[in-house]
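Trainee: One structure, pasted below without further comment.
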């Protein structure tokens, strides 16, 4: 009888990398003018405050599992794989309102990834980065062969269109990446954590239990302490990114692209300046067209850079996510 120790020794540790990425954007494009019909603001103020010009809103059929599956199909196609090759589906979302079955399981069913393990990951806007870290460990430890990491959001379901502080920020959509085995390192060690001193800087206004007790009360919308988050982000994002670069054994001069969570153009530009990124580094700024798509923003932005040819295969890309909790995560990846 083969002992467990012998079995483990016969399966040496391996590396993981991105094999393909894909994205899905709902067809409905919503400009600032439409947002301003419900809030006391104008397009110029929104653009100056956030850099956002448009965002996408999903229709009734564009559910989180469906959008996630469409993005996953594109990622699998880019990787030269099929749904039958998927060992595991990790779906990051903060806007899924249906607790059972899990969004990941529904996404796997929509995709046709029968038999794959599937689970949801809740880390808000840092969720996709967290998912990459988990997927990398699963593949490297031979717990899975090919893992789909999906970020999918319908932020329009949880944002109050009359709230001047949040209505213009968020959008809907999905992005996905396939993580698979590699002979060389392709996903750097994640630098992640949670700064609980700012636990409630981004929070749901009330629980669904409260809504059940008081069904005539206000819907539990997302609320944000914008100035608090901005002050935290302009310092913390650059610091965490610096740690991720060091963990990967590289410097800002080695990376070819920076794909941060698309929260706010001012935060992105502040991080670029604080890190001293060379002008040659491609910086994702899809927040202008997509808004903040929470857990989907990083794969949406990465796919856009790759599709446009601004990031070549094999390029080193620094990614960073941060959101409610305040959760954060950063790592260096090799572009597929």
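In the working numbering, the protein residues as written are 427 to 762. For each residue, glycine too, the CB sits at the ideal point set by N, CA and C. Every value quoted in this text rests on a predicted model; they were computed, and no experiment measured them.
Just the C-alpha distance for residue 656 and residue 663, rounded to the nearest angstrom, thanks.
Mentor: Going from the Cα of residue 656 to the Cα of residue 663 covers about 10 Å.
Trainee: Rounding to the nearest angstrom, what Cα-Cα distance links residue 639 and residue 633 in this structure?
Mentor: Rounded to whole angstroms, residue 639 to residue 633 spans 10 Å at the Cα level.
Trainee: Residue range of the beta strand (DSSP E) that residue 686 falls in?
Mentor: Run containing residue 686: 683-686, per the beta strand (DSSP E) assignment.
Trainee: Which residues bound the alpha helix (DSSP H) around residue 420?
Mentor: Lying before the first or after the last residue shown, residue 420 is absent from the chain, which here runs from 427 to 762.
Trainee: Strictly by DSSP, which residues pair up with residue 618?
Mentor: In DSSP, residue 618 forms a bridge with 755.
Trainee: For residue 677, does the count of other Cβ atoms within 10 angstroms reach 16, so buried, or fall short, so exposed?
Mentor: Residue 677 comes out exposed.
Trainee: My output table needs one value for residue 441: the three-state DSSP class, helix, strand or coil.
Mentor: Correct three-state label for residue 441: strand.
Trainee: Would you say the segment 716-724 touches the segment 596-606, given that touching needs at least three Cβ pairs under 8 Å?
Mentor: Contact holds: three or more Cβ-Cβ distances are below 8 Å.
Trainee: Using DSSP bridges, identify the partner residues of residue 600.
Mentor: DSSP output for residue 600 lists 450, 578 as bridge partner(s).
Trainee: For the alpha helix (DSSP H) containing residue 479, name the first residue and the last one.
Mentor: No alpha helix (DSSP H) holds residue 479; DSSP gives it neither H nor E.
Trainee: Counting along the chain, where does the beta strand (DSSP E) carrying residue 743 start and finish?
Mentor: 742-749 is the span of the beta strand (DSSP E), which, as asked, contains residue 743.
Trainee: Spatial neighbours of residue 466 within its chain, please: C-beta separation below 8 Å, excluding the five flanking residues on both sides.
Mentor: Answer for residue 466: 590, listed in chain order.
Trainee: Looking only at DSSP bridge pairs, what is residue 669 linked to?
Mentor: Residue 669 is not bridged to any residue.
Trainee: Can you check which of these residues, 614, 462, 703, 658, is closest to residue 621 by C-alpha distance?
Mentor: Checked all of 614, 462, 703, 658; the closest Cα to residue 621 is 658.
Trainee: Is the beta carbon of residue 756 sitting closer than 8 Å to the one on residue 746?
Mentor: Contact flag set, yes.
Trainee: Can you tell me which of the three DSSP states residue 523 falls into?
Mentor: In the structure shown, residue 523 sits in coil (DSSP, three-state: anything other than H, G, I, E or B).
Trainee: Could you work out which residue in 571, 681, 697 is closest to residue 687 when comparing CA atoms only?
Mentor: Among 571, 681, 697, the Cα nearest to that of residue 687 belongs to 697.
Trainee: Can you tell me the Cα-Cα spacing of residue 680 and residue 479, whole angstroms?
Mentor: For residue 680 and residue 479, the distance between alpha carbons rounds to 32 Å.
Trainee: Taking the beta strand (DSSP E) that residue 518 belongs to, which residues open and close that run?
Mentor: Element bounds for residue 518: 514-518.
Trainee: Less than 8 Å between the C-beta atoms of residue 759 and residue 614, yes or no?
Mentor: Yes; because the gap between Cβ atoms is below 8 Å, this pair is in contact.
Trainee: For residue 439, does the count of other Cβ atoms within 10 angstroms reach 16, so buried, or fall short, so exposed?
Mentor: Label assigned to residue 439: exposed.
Trainee: Within the chosen definition, does the segment 507-518 reach the segment 455-475 through at least 3 CB pairs nearer than 8 Å?
Mentor: Verdict: no, contact absent.
Trainee: Within the chosen definition, does the segment 532-540 reach the segment 487-500 through at least 3 CB pairs nearer than 8 Å?
Mentor: Segments in contact, yes.
Trainee: Taking a contact to mean a Cβ-Cβ separation below 8 Å, would you say residue 531 touches residue 544 in this structure?
Mentor: Closer than 8 Å, so yes.
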